[in-house]
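Colleague:
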Amino acid sequence: MDKTLQITFYKSETNGIKILEFSRGEIIGFFIPKLLFSNELLKSNYFENIITNSGVYFLLGEEIYIGQALNIFERLKGHIREGKKEFKDIICFTTSNNSFDEGDINYLEKSIISQAKQNSDMSLMNLNIGNNTNIRNFRKSDLDQYTDEIKFILNILGSNFLEKTREKKISNDDFFYIDSKETKGKLILDEKGYIVVSGSFGKDNQKPSMTKSYITLKNELIEKGIIQKFDGKLMFTKDYIFTSASAPAQILLGYSVSGPQKWKSKDGVTLGDYERSKFID
0 MDKTLQITFY KSETNGIKIL EFSRGEIIGF FIPKLLFSNE LLKSNYFENI ITNSGVYFLL
60 GEEIYIGQAL NIFERLKGHI REGKKEFKDI ICFTTSNNSF DEGDINYLEK SIISQAKQNS
120 DMSLMNLNIG NNTNIRNFRK SDLDQYTDEI KFILNILGSN FLEKTREKKI SNDDFFYIDS
180 KETKGKLILD EKGYIVVSGS FGKDNQKPSM TKSYITLKNE LIEKGIIQKF DGKLMFTKDY
240 IFTSASAPAQ ILLGYSVSGP QKWKSKDGVT LGDYERSKFI D
């Protein structure tokens, strides 16, 4: 069944606050960069009447924190004042008619934390699994539907951490390699992007031709521990998803190169040729 979701860009800023709501339904989602979260929001009649409702929220950073509150705005303000949790963005959910009571938000929080813990690709700040609550069966059905709508909006925002990590059957056609004396890279094609497999390594060098944005990305991955340096080499310590094939190719090789041309299957077919072949009748 098709879903219609309306996205409002607050003050017409595409990189700023977003308001997301279904054409049919009560759930309303807010995406708010931490730097834009302030009392100024309450000067807007829309935010004043909605963001002070009860609901659930997510603090997004290197780790994710999931919480609930009878007044979302005040609870989020408290997190910022306390300064105990590091985060960059906020996503929160409520209903247009403020229909969530304390039992509802406790149920939602516990359900969402439980689902998040099944995703091994993300790190959760929450130490416990939420509060127990007694909910009647008919209400559980409603709340489970709300949870599905929350997951849908999270996926639209690129935050799919409630999706259970799947053991995908990978065929040989999905693997591509960079194989030389000093570089051994392995890449998987996936609907999420281009996944460089843990253990892939290259020489720790960097030539002037390397794309500047990829140099920055490489340094960020080193700082996060996703890439480690050893014996003059760089090695991926875990699988990592890239949005382009050229980024990991340049990081492993240390110079400017076309990923679609450099990554090859075991049969010698370039990634670029393989991707183009899908459109040949």
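Counting with numbering that gives the first Met the number 0, you get residues 0 to 280 for the letters of the sequence shown.
Glycine included, every Cβ here is placed at the ideal spot set by N, Cα and C.
Remember, predicted model here, so these are calculated numbers, not experimental data.
For residue 137, which of helix, strand or coil comes out of DSSP?
Modeller: helix
Colleague: I'd like the list of long-range same chain contacts for residue 69, defined as Cβ closer than 6 Å, with 5 residues on each side in sequence excluded.
Modeller: Excluding positions up to five away in sequence, the list reads 53.
Colleague: Give the DSSP bridge partners of residue 184, in chain order.
Modeller: 177
Colleague: I want to know whether the region 199-210 touches the region 262-270 - three or more CB-CB distances under 8 Å.
Modeller: As far as the Cβ criterion goes, the region 199-210 does not touch the region 262-270, which means the pair count is below three.
Colleague: My output table needs one value for residue 20: the three-state DSSP class, helix, strand or coil.
Modeller: strand
Colleague: Considering just the uninterrupted stretch of the beta strand (DSSP E) at residue 32, what are its terminal residues?
Modeller: 26-32
Colleague: Between the C-alpha atoms of residue 136 and residue 7, what's the straight-line distance to the nearest angstrom?
Modeller: 34 Å
Colleague: With residue 244 as the anchor, note down where its beta strand (DSSP E) starts and where it stops.
Modeller: DSSP places residue 244 outside any beta strand (DSSP E), giving it a letter other than H or E.
Colleague: Helix or strand or just coil, what does DSSP make of residue 263?
Modeller: strand
Colleague: Given a cut-off of 9 Å, decide if residue 59 and residue 90 are closer than it, judged by their beta-carbon atoms.
Modeller: Yes; because the gap between Cβ atoms is below 9 Å, this pair is in contact.
Colleague: Just mark residue 85 as buried or exposed, buried being the case when its beta carbon has 16 or more other beta carbons within 10 Å.
Modeller: exposed
Colleague: Rank 108, 175, 96, 15 by C-alpha distance to the C-alpha of residue 261 and give the top, closest one.
Modeller: Of 108, 175, 96, 15, the smallest CA-CA separation from residue 261 is found for 175.
Colleague: With distances taken Cα to Cα, identify the nearest neighbour of residue 157 among 190, 144, 254, 231.
Modeller: 190
Colleague: Can you tell me whether DSSP reads residue 72 as helix, strand or coil?
Modeller: helix
Colleague: Distance check for residue 233 and residue 200, CA to CA, integer angstroms please.
Modeller: 5 Å
Colleague: Count Cβ pairs between the region 95-104 and the region 71-80 that sit closer than 8 Å; are there 3 or more?
Modeller: no
Colleague: In whole angstroms, give me the CA-to-CA distance for residue 166 and residue 131.
Modeller: Residue confidence is low: residue 166 scores 49 on pLDDT, short of 50, so the model does not pin down where it sits. Its coordinate-derived value is still stated next. Spanning the two alpha carbons is a distance of roughly 30 Å.
Colleague: Decide if residue 103 is buried, meaning its Cβ has at least 16 other Cβ atoms within 10 Å, or exposed.
Modeller: Within a 10 Å sphere around the beta-carbon of residue 103 sit 16 or more other beta-carbons, which makes this residue buried.
Colleague: Taking the C-alpha atoms as reference points, what is the distance between residue 19 and residue 72?
Modeller: 17 Å
Colleague: Determine the direct distance from the alpha carbon of residue 87 to that of residue 4, and round the result to whole angstroms.
Modeller: 25 Å
Colleague: Within its chain, find whatever has a CB closer than 6 Å to the CB of residue 129; leave out the 5 residues flanking it on each side and keep chain order.
Modeller: 108, 109, 112
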